[in-house]
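**Student:**
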Amino acid sequence: MYEEPYRWVEAVRNRRQYLDDQLKEGAPVVGIAYERGILLMTMSKGTPKLYEIYDRLALGGMGHPADLEKLRFNLLEMAHVEGFNRSASDVTGSRLVKYGIAPVIKQAFEEVFKAPFIVKILLAELGRKAEKDGFLTINYDGTFEEKTQYAVLAATSVVEQTMIGYLRQQSIVSLKDAVDVAIRTWAVGDRAQQLALEEGEDHDEARTGPDQQVIDAEILYAHLRRRIAEKTIECALLDRHVQGPSKYRALEADELRTMLPTDLSPSLA
Amino acid sequence: MQGDFYQLLKEQGYVFGTPGQVGVGQELTTATTILAFKYREGVLVAGDRRATAGNMVMYDRTDKVLEIDRYSVMAIAGVPATAYEMARILEHSFKYYRRTQLQELSFEGKLRALSKLLKENVPAALAGTGAVAPIFAGYDARYETAKIYFYDILGAEFEGVEYAVSGSGSSTIRGILHYLNTWGEQPLSTMPEEQATVQALRLLTSAAEFDSATGGVNREAGLYPVIKFITADGIRMMPDLQLQSLFESRVLRSA
Numbered sequence: 115m116y117e118e119p120y121r122w123v124e125a126v127r128n129r130r131q132y133l134d135d136q137l138k139e140g141a142p143v144v145g146i147a148y149e150r151g152i153l154l155m156t157m158s159k160g161t162p163k164l165y166e167i168y169d170r171l172a173l174g175g176m177g178h179p180a181d182l183e184k185l186r187f188n189l190l191e192m193a194h195v196e197g198f199n200r201s202a203s204d205v206t207g208s209r210l211v212k213y214g215i216a217p218v219i220k221q222a223f224e225e226v227f228k229a230p231f232i233v234k235i236l237l238a239e240l241g242r243k244a245e246k247d248g249f250l251t252i253n254y255d256g257t258f259e260e261k262t263q264y265a266v267l268a269a270t271s272v273v274e275q276t277m278i279g280y281l282r283q284q285s286i287v288s289l290k291d292a293v294d295v296a297i298r299t300w301a302v303g304d305r306a307q308q309l310a311l312e313e314g315e316d317h318d319e320a321r322t323g324p325d326q327q328v329i330d331a332e333i334l335y336a337h338l339r340r341r342i343a344e345k346t347i348e349c350a351l352l353d354r355h356v357q358g359p360s361k362y363r364a365l366e367a368d369e370l371r372t373m374l375p376t377d378l379s380p381s382l383a
Numbered sequence: 328m329q330g331d332f333y334q335l336l337k338e339q340g341y342v343f344g345t346p347g348q349v350g351v352g353q354e355l356t357t358a359t360t361i362l363a364f365k366y367r368e369g370v371l372v373a374g375d376r377r378a379t380a381g382n383m384v385m386y387d388r389t390d391k392v393l394e395i396d397r398y399s400v401m402a403i404a405g406v407p408a409t410a411y412e413m414a415r416i417l418e419h420s421f422k423y424y425r426r427t428q429l430q431e432l433s434f435e436g437k438l439r440a441l442s443k444l445l446k447e448n449v450p451a452a453l454a455g456t457g458a459v460a461p462i463f464a465g466y467d468a469r470y471e472t473a474k475i476y477f478y479d480i481l482g483a484e485f486e487g488v489e490y491a492v493s494g495s496g497s498s499t500i501r502g503i504l505h506y507l508n509t510w511g512e513q514p515l516s517t518m519p520e521e522q523a524t525v526q527a528l529r530l531l532t533s534a535a536e537f538d539s540a541t542g543g544v545n546r547e548a549g550l551y552p553v554i555k556f557i558t559a560d561g562i563r564m565m566p567d568l569q570l571q572s573l574f575e576s577r578v579l580r581s582a
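Chains as they are written, first to last, in the working numbering: chain A, 115 to 383; chain B, 328 to 582.
This is how it looks when you write it as structure tokens:
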């Protein structure tokens, strides 16, 4: 039935709808560069969503855990085989994405008889120098974008734009700044997703809403307090000042607690 | 087996340690005196810096005390080409395991990984092209203590409860270590860091005295042995400047 071109286009369109639907309740992911490196932040329920990929590469993902796991293994295999056979400097985010997983995701997306990957991926890369820090985001259809300073993942591109808009107004120097901005940006995204859900599917992407323009920090903290009842804050760093070649470390609850407003910290578990 | 990097490499066509015949008159590069002992805070691992081929000095700045990850060190004696390759495989194996399995490989698992590599290397070791007899030391998080193991060229693994030595100069210092530890002023395991360092410098200097393939200290060139400490906080290296001052004040005998 898909041999006619328009049928295939229709099938792909259905697929987008299906994937958007699957991702609509996913937790956003925020990546921010600060003075010492890169912070990745999300909120998760049980399964972690932030991972170490290589010495200077970290992964944040949203979507189906099994799909994310498969792609994570793909990345890990490629990175380590390359790092062993060539050198650690030859393992770059851009090569892993462009010649590695992006084609795989695209192929799965377009093979309409098979299941697509229900994922969005954010790859953070710590440069040798701060100005080389960067991000790559990959959508479920295999399209990818390169970014600097910050990058986000959210259910729809409209929500992502809202988050980026919010990030653009912030100034970030220290890790404490980065954590604070990250959780607020996360709340901006999560709140926008919730609003979209409540409005129903009938005009899902129509709303950018005037109230998205200026959002009071107190509203965001209140939103976080509600969400934190069922989820935990997850933060990971690519820290330039960590000794040795591996720069990844998870931000432990104790350290995170010192950086959050006090009424958010008890829920770190 | 899950999270096995070596298996992954082999699937990709990688071959480790192909044996070969030594050509007549061919002198292979080898490397020389390494030692490890327990001191008050953890384990000290030291190695001289000379690599030789027969009676020729190939290199005098070799680092034979290799950091495999934040908590383990492999000190190498034998053919460096093979030893470095082993260290590289181990380094990637431990990283790969940690990143795929989301937990650190256990200390026993790390020991076993080295043992397996040595076993695979037996043909090359027997042919004379790739014999390696390393010391592996690391912090065992489960038992909250630093430990020392040493290996023969066939891959047998032994625990060095108090100390371990390997390399051509090791026979010289093995006796000294035994004497020092048994009848010395205090057992090695109670020595603070500085005193332990002085002992290590003296031991390597003694090894260099009797073994031409061990480098010892070369003050004119500013060459000092590599000395590393393994404690609960990870691995630390003693800087050359500190080694120099300890050597000059506590090892050198002024006329």
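Think of the CB as a built atom: it goes at the ideal place given N, C-alpha and C, for glycine as much as any other residue.
If we require 3 or more residues per run, which beta strand (DSSP E) segments fall completely within the segment 382-464 of chain B?
**Tutor:** The segment 382-464 of chain B contains these whole beta strand (DSSP E) runs: 383-386, 392-396, 399-402.
**Student:** Name, please, each residue of chain A whose Cβ falls closer than 8 Å to the Cβ of Y423/B.
**Tutor:** Near Y423/B (Cβ distances below 8 Å), the residues of chain A are L190, H194.
**Student:** Between the segment 161-180 of chain A and chain B, which residues of the former have a C-beta closer than 9 Å to a C-beta of the latter?
**Tutor:** Cβ contacts with chain B come from P162, Y165, E166, I167, Y168, D169.
**Student:** Where L281/A and V295/A are concerned, what is the direct C-alpha to C-alpha distance, given to the nearest angstrom?
**Tutor:** If I take the Cα positions, the gap works out to 7 Å.
**Student:** Where in the segment 132-209 of chain A do unbroken runs of the beta strand (DSSP E), each at least 3 residues long, occur, reported from the N-terminal end onward?
**Tutor:** Whole beta strand (DSSP E) segments, 3+ residues: 143-148, 151-158, 164-168, 171-177.
**Student:** What are the boundary residues of the alpha helix (DSSP H) that includes D337/B?
**Tutor:** What sits at residue 337/B in the sequence shown is Lys, not Asp. From DSSP, the alpha helix (DSSP H) with K337/B extends over 332-338.
**Student:** So, helix, strand or coil for Y362/A, using DSSP?
**Tutor:** Residue state, collapsed to three classes: strand.
**Student:** How is K220/A classed by DSSP in three states: helix, strand or coil?
**Tutor:** Helix.
**Student:** Taking only beta carbons into account, state which residues of the segment 400-427 of chain B come closer than 8 Å to chain A, listed in chain order.
**Tutor:** Listed by position along the chain: R415, I416, H419, K422, Y423, R425, R426, T427.
**Student:** Determine, for F332/B, whether the minimum Cβ-Cβ distance to residues of chain A falls below 8 Å.
**Tutor:** Yes, contact with chain A.
**Student:** According to DSSP, is M565/B part of a helix, a strand, or is it coil?
**Tutor:** If DSSP states are grouped into helix, strand and coil, M565/B belongs with coil.
**Student:** With DSSP collapsed to three states, give me the class of V126/A.
**Tutor:** DSSP places V126/A in helix when its eight states are reduced to three.
**Student:** With 8 Å as the threshold, decide whether the Cβ of Q339/B is near any Cβ in chain A.
**Tutor:** Yes, Q339/B counts as interfacial toward chain A.
**Student:** Take A383/A and list the residues in its own chain whose beta-carbon comes closer than 8 Å to its own, dropping the five residues that flank it on each side.
**Tutor:** Confidence in A383/A is poor, its pLDDT being 47 and thus under 50, which makes the residue's placement unreliable; the coordinate value appears in the next sentence. Answer for A383/A: T346, A367, listed in chain order.
**Student:** To the nearest angstrom, how far is it from the Cα of P324/A to the Cα of R170/A?
**Tutor:** Below a pLDDT of 50, predicted positions are generally treated as unreliable, and P324/A, at 48, falls in that range; no measurement from the model is reported.
**Student:** Are the segment 426-440 of chain B and the segment 467-474 of chain B in contact at 8 Å, needing three or more beta carbon pairs?
**Tutor:** With the cut-off at 8 Å, the segment 426-440 of chain B and the segment 467-474 of chain B touch.
**Student:** Looking at C-alpha atoms only, which residue of I403/B, R388/B, E484/B, L336/B is the closest neighbour of G549/B?
**Tutor:** Nearest C-alpha to G549/B: R388/B.
**Student:** Helix, strand or coil, according to DSSP, for L378/A in the structure here?
**Tutor:** Coil, per DSSP.
**Student:** Using a Cβ-Cβ cut-off of 8 Å, state whether L504/B counts as contacting chain A.
**Tutor:** By this cut-off, L504/B is not an interface position.
**Student:** Could you please give me the residues that DSSP links to I557/B through a beta bridge?
**Tutor:** Looking at the DSSP assignment, I557/B forms a beta bridge with V370/B, I562/B.
**Student:** Just to confirm, does A265/A get its C-beta within under 7 Å of one of the non-hydrogen atoms of the ligand FAD?
**Tutor:** The ligand FAD is not among the ligands present in this structure, which contains no ligands whatsoever.
**Student:** Check whether the segment 507-516 of chain B and the segment 394-404 of chain B are in contact - that is, three or more C-beta pairs closer than 8 Å.
**Tutor:** Output reads no: the segment 394-404 of chain B does not touch the segment 507-516 of chain B.
**Student:** Are the beta-carbon atoms belonging to P230/A and L133/A less than 8 Å from one another?
**Tutor:** Against a cut-off of 8 Å, the Cβ pair of L133/A and P230/A comes out as a contact.
**Student:** By Cβ distance, which residues of its chain are closer than 6 Å to V126/A, with the 5 residues on each side in sequence left out?
**Tutor:** Result list for V126/A: empty, nothing under 6 Å.
**Student:** In whole angstroms, what is the alpha-carbon distance linking G197/A and E348/A?
**Tutor:** Answer to the nearest angstrom: the Cα atoms are 28 Å apart.
**Student:** Have a look at the DSSP bridge pairing and note the partners of G511/B.
**Tutor:** Answer is none; G511/B lacks a bridge partner.
**Student:** So T360/B and T541/B are in contact, right, with Cβ under 8 Å, and what is the actual spacing, rounded?
**Tutor:** Right, the Cβ-Cβ distance comes to about 4 Å (below 8 Å), so this counts as a contact.
**Student:** Provide the residue span of the alpha helix (DSSP H) that contains L530/B, from first to last.
**Tutor:** Note, L530/B: alpha helix (DSSP H), 520-537.
**Student:** Could you check whether the Cβ of L432/B sits closer than 8 Å to any Cβ belonging to chain A?
**Tutor:** For L432/B, the answer is no, since every Cβ of chain A falls outside 8 Å of its Cβ.
**Student:** Could you tell me the boundaries of the beta strand (DSSP E) in which T379/B lies?
**Tutor:** Its beta strand (DSSP E) spans residues 378-380.
**Student:** Residues of the segment 266-279 of chain A with a CB closer than 7 Å to any CB of chain B: list them in chain order, please.
**Tutor:** Cβ contacts with chain B come from no residue of the segment 266-279 of chain A.
**Student:** Report all residues from its chain with a CB closer than 6 Å to the CB of Y168/A; omit the five preceding and five following residues, and keep chain order.
**Tutor:** Around Y168/A: A193, V205.
**Student:** With 16 other CB atoms within 10 Å as the buried threshold, where does Q339/B fall?
**Tutor:** Its Cβ having fewer than 16 others within 10 Å, Q339/B is exposed.
**Student:** Could you tell me the alpha carbon to alpha carbon distance between Y362/A and R354/A, rounded to whole angstroms?
**Tutor:** Roughly 9 Å between the two C-alpha positions.
**Student:** Cα-Cα, which of L568/B, A410/B, Y333/B is closest to I480/B?
**Tutor:** The residue with the shortest Cα to Cα distance from I480/B is A410/B.
**Student:** Straight-line CA distance for D318/A to V272/A?
**Tutor:** With a pLDDT of 46 at D318/A, under the threshold of 50, the modelled position of that residue is not reliable, and no figure is offered here.
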